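Read in order, the letters of the first sequence are residues 206 to 797 in the working numbering. All C-beta atoms in this analysis are idealised placements derived from N, C-alpha and C, irrespective of residue type, glycine included. The model shown is predicted, which means the values in this text are computed figures rather than measured ones. Single-structure report; data block below.
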Amino acid sequence: MLRTHTCGQLRKTDVGTEVTLCGWVESKRDHGGAVFIDLRDRYGLTQVVVGPPEADAAMIDQAGRVSTESVILIRGNVADRLEGKTNKKLPTGDIEVRSVHFEILNTCETPPFTPSQSDLPGEDLRLKYRFLDLRRPEMLRAMVLRSSIVKAMRDYFAEHDFIDVETPILGRSTPEGARDYLVPSRVHPSKFYALPQSPQLYKQILMVAGFDRYIQVARCFRDEDLRADRQPEFTQLDLEMSFVDSDDVIGLIDGLVAKTAKEILGKEVQLPLPRITYEEAMRRFGHDAPDLRFDMEIVDITSVAAKTEFRVFRGTADAGNFVRGIPVKNAATKYSRRQIDELTEYVKNDFGAKGLAWFRVEDDGTLWSPISKNLEPEHLEEIKTLMAGEPGDLLMFLADTWETTCKGLSGLRRRLASELGLIDPEALNCSWVTEFPMFDKDEETGSWNAMHHPFTAPLASDLELLKDDPSKCRAQAYDLVINGSEAGGGTIRIHDPATQSVVFDLLGIDAETAEDRFGFLLNALKYGAPPHGGIALGIDRWVMLFAGLDNIREVIAFPKTQKAADLMTEAPGGVDKAQLEELFLRTAKVPK
RNA sequence: GGCGCGGUAGCUCAAUUGGUUAGAGCCCCGGACUGUCGAUCCGGAGGUUGCGGGUUCGAGUCCCGUCCGCGUCGCCA
Numbered sequence: 206m207l208r209t210h211t212c213g214q215l216r217k218t219d220v221g222t223e224v225t226l227c228g229w230v231e232s233k234r235d236h237g238g239a240v241f242i243d244l245r246d247r248y249g250l251t252q253v254v255v256g257p258p259e260a261d262a263a264m265i266d267q268a269g270r271v272s273t274e275s276v277i278l279i280r281g282n283v284a285d286r287l288e289g290k291t292n293k294k295l296p297t298g299d300i301e302v303r304s305v306h307f308e309i310l311n312t313c314e315t316p317p318f319t320p321s322q323s324d325l326p327g328e329d330l331r332l333k334y335r336f337l338d339l340r341r342p343e344m345l346r347a348m349v350l351r352s353s354i355v356k357a358m359r360d361y362f363a364e365h366d367f368i369d370v371e372t373p374i375l376g377r378s379t380p381e382g383a384r385d386y387l388v389p390s391r392v393h394p395s396k397f398y399a400l401p402q403s404p405q406l407y408k409q410i411l412m413v414a415g416f417d418r419y420i421q422v423a424r425c426f427r428d429e430d431l432r433a434d435r436q437p438e439f440t441q442l443d444l445e446m447s448f449v450d451s452d453d454v455i456g457l458i459d460g461l462v463a464k465t466a467k468e469i470l471g472k473e474v475q476l477p478l479p480r481i482t483y484e485e486a487m488r489r490f491g492h493d494a495p496d497l498r499f500d501m502e503i504v505d506i507t508s509v510a511a512k513t514e515f516r517v518f519r520g521t522a523d524a525g526n527f528v529r530g531i532p533v534k535n536a537a538t539k540y541s542r543r544q545i546d547e548l549t550e551y552v553k554n555d556f557g558a559k560g561l562a563w564f565r566v567e568d569d570g571t572l573w574s575p576i577s578k579n580l581e582p583e584h585l586e587e588i589k590t591l592m593a594g595e596p597g598d599l600l601m602f603l604a605d606t607w608e609t610t611c612k613g614l615s616g617l618r619r620r621l622a623s624e625l626g627l628i629d630p631e632a633l634n635c636s637w638v639t640e641f642p643m644f645d646k647d648e649e650t651g652s653w654n655a656m657h658h659p660f661t662a663p664l665a666s667d668l669e670l671l672k673d674d675p676s677k678c679r680a681q682a683y684d685l686v687i688n689g690s691e692a693g694g695g696t697i698r699i700h701d702p703a704t705q706s707v708v709f710d711l712l713g714i715d716a717e718t719a720e721d722r723f724g725f726l727l728n729a730l731k732y733g734a735p736p737h738g739g740i741a742l743g744i745d746r747w748v749m750l751f752a753g754l755d756n757i758r759e760v761i762a763f764p765k766t767q768k769a770a771d772l773m774t775e776a777p778g779g780v781d782k783a784q785l786e787e788l789f790l791r792t793a794k795v796p797k
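In structure tokens:
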């Protein structure tokens, strides 16, 4: 090692020893006769003094000219700082290193921004110069946190006898799910590999192989549009177990949540984690990953709406749709008409709602609203009672289809909670959502889609519904929800060929297609497949949530932009014509 | 693909109703300085206002298009 210590290491007890430090010039204070340099590495900051008597004029001049973010090596003596000149902000603030040897290992051009500057530059610049951005303590902290979480997970599963197995990145395209990233084959003209959306099929085959307990920290790829919490390539802690039911998997992950919360955040999590069914989640919160850090539960007032003469309410109820709302406590004075208009535009634009009805609970307990004249006092009173409205509350309602009321009210709920500051930033609220539907209906084609994937087992009690009413058939599926974000999801798999073929039928996957796309799995399942199930945890999201951040790019070293570009490497980029020819590829013109 | 926000000096931002030579702080360059830690002081450089078009006597400002970044809906088994 060039150095004897790191920049975060030296203390008063080291005074008198000669040390060598290496690091980056965080800042420089040049007094002419002496130069003070804050030397930074991953571990901290140490003040270096280049001045007499240790340093001669040439060394002082050289130190005075060194540019910020240059990499230097200092040999010198650890010394007490002068009386009253200590820096309480630094762990190393009691000492300084008096340079006897000063060496520039590498210079730094004037950087577009520095890691220590208080005004964070725009994200595009940070991404282009990610190597500078990653020098920032916040980024370093996120990467260290990520490393700790992954290590805690690996340790936990190793303790539970899991085997870490790597599965291929170059696989084959499967029919359902997200859009694939494709890789052309050179030796098989006009054929393509697909990058894995998850190692789903492989891990099931590992169960057939008798591995019993498998994990992998697996990179996954999905060519879909991005979000603040979504990247085109992301990392899952993928897991599969044999001879288990839902409770076994959930119980195992409960233990992981408690362990990581304790080890990483020092937080106690009560086990077992609460579980609610999908049906309950949609009814109470309008979302399958409800944010349980605050209340504002959805209330159904369709029964009252049906009794009114108000056309919007009555018509909705008569059409078999729903009038549902949320009580917004103490918000009446916090939202002006104009702000409520904005919320109305929000539910219209983002969720296709037809409008937003709202009432203010007045001091005398009556409901005031632009539409209250359309409603009888007794009905207003009923609405207030159902919503448990108290003076100062705002009551907001959507009259629409089940799906639209869910989406709109869930969106409102999250937005209002955030705006009203109802969310404790320190909270780590973990829960399970279970009993997802097996299928949802494709509105365009009217056909059934697998809500999770086509190998998901139905609840044993719902087996008959597979034939009678697929829409009511529930799956042995479970999602882990942390702070209103889907942090993991898994299922128990079908291991019985008869059930599998019924499900394929429902999904419109004929025998030939099934054979073509995942015949290898179906084949494997014929050779002694144990009952099995598993889960995949979104590592990027875990880290984001544990870090209290709201953006996944902040916990990924080299993330991509909303258009899936890497601003640093400028990927994706063009390729040579020769490369295309070798792959038997030709690009088509982009339509204007 | 839809909706919304943004793009002005290397960086963070300002610029009145469309009006003179587009400003400030930081950074950078030169100089002074032995106790700073956001060093200080003196001086200086730095602009295709993302790009293209239009309206106007005159556009950073208004209009149209486009590119890029962000948020969100669709999408994400």
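- If you compare the alpha carbons of Val517, Arg542, Arg480 with that of Asn579, the shortest gap goes to Val517.
- 7 Å or more divides the Cβ of Val528 from the Cβ of His584.
- Residue range 635 to 639 is occupied by the beta strand (DSSP E) that includes Ser636.
- With contact defined as three or more Cβ pairs closer than 8 Å, the region 710 to 723 and the region 427 to 439 are not in contact.
- In this structure Thr209 touches Val224 by the C-beta definition: roughly 5 Å separates them, less than 8 Å.
- In this structure, Asp674 is the residue among Asn634, Ser666, Asp674, Ala665 with its C-alpha nearest to the C-alpha of Trp653.
- In its chain, beyond the 5 residues on either side, Arg480, Ile481, Thr482, Tyr483, Ala486, Asp493, Ala494, Pro495, Tyr683, Asp684, Val686 have a beta carbon closer than 8 Å to the beta carbon of Val638.
- If you ignore the 5 residues before and after Gly739, its C-beta comes within less than 7 Å of the C-beta of Lys408, Leu444, Glu445, Met446, Val454, Gly695, all in its own chain and listed in chain order.
- Where Ile588 is concerned, the enclosing alpha helix (DSSP H) starts and stops at 582 to 592.
- Judged by beta-carbon spacing, Leu215 lies beyond the 7 Å limit of Val271, meaning their Cβ atoms are not closer than that value.
- By the Cβ criterion, the region 549 to 559 is not in contact with the region 525 to 541, since fewer than three pairs of Cβ atoms, one from each stretch, lie closer than 8 Å.
- With respect to Leu406, Phe723 sits close: the two C-beta atoms are nearer than 7 Å.
- When secondary structure is reduced to three states using DSSP, Thr440 falls in the strand class.
- In the DSSP assignment, Trp653 is bridged to Lys646.
- Apart from the 5 residues on each side of it in sequence, Ala776 has no Cβ closer than 6 Å to any other Cβ in its chain.
- According to the DSSP secondary-structure assignment, Gln421 is paired through a beta bridge with Asp443.
- Cβ atoms of Phe763 and Met773 come within 8 Å of each other, at about 7 Å.
- In the same chain as Lys333, and ignoring 5 residues on each side of it, the C-beta atoms closer than 7 Å to its own belong to Leu772, Met773, in chain order.
- In the three-state scheme derived from DSSP, where H, G and I count as helix and E and B as strand, Gly557 is classed as coil.
- Residue pairing by DSSP places Asn282 opposite Glu223, Arg303 in a beta bridge.
- The alpha carbon of Arg346 has as its nearest neighbour, out of Phe751, Thr211, Ser615, the alpha carbon of Phe751.
- A straight-line Cα-Cα distance of about 49 Å links Thr222 and Gln436.
- Assigned with DSSP and collapsed to three states, Lys233 falls in strand.
- In this structure, the straight-line span from the alpha carbon of Phe241 to that of Ala268 is close to 9 Å.
- Scanning Tyr540, Ala655, Thr661, Ser636 for the CA closest to the CA of Leu600 turns up Tyr540.
- Counting C-beta atoms within 10 angstroms of its own C-beta, Glu274 has 16 or more neighbours from the protein chains shown and is therefore classed as buried.
- DSSP places Gln252 in the strand class (E or B) of the three-state scheme.
- Burial state of Ile368 is exposed, judged by a 10 Å Cβ sphere holding fewer than 16 other Cβ atoms.
- Here the region 495 to 506 makes contact with the region 613 to 622; the two share three or more CB pairs at distances below 8 Å.
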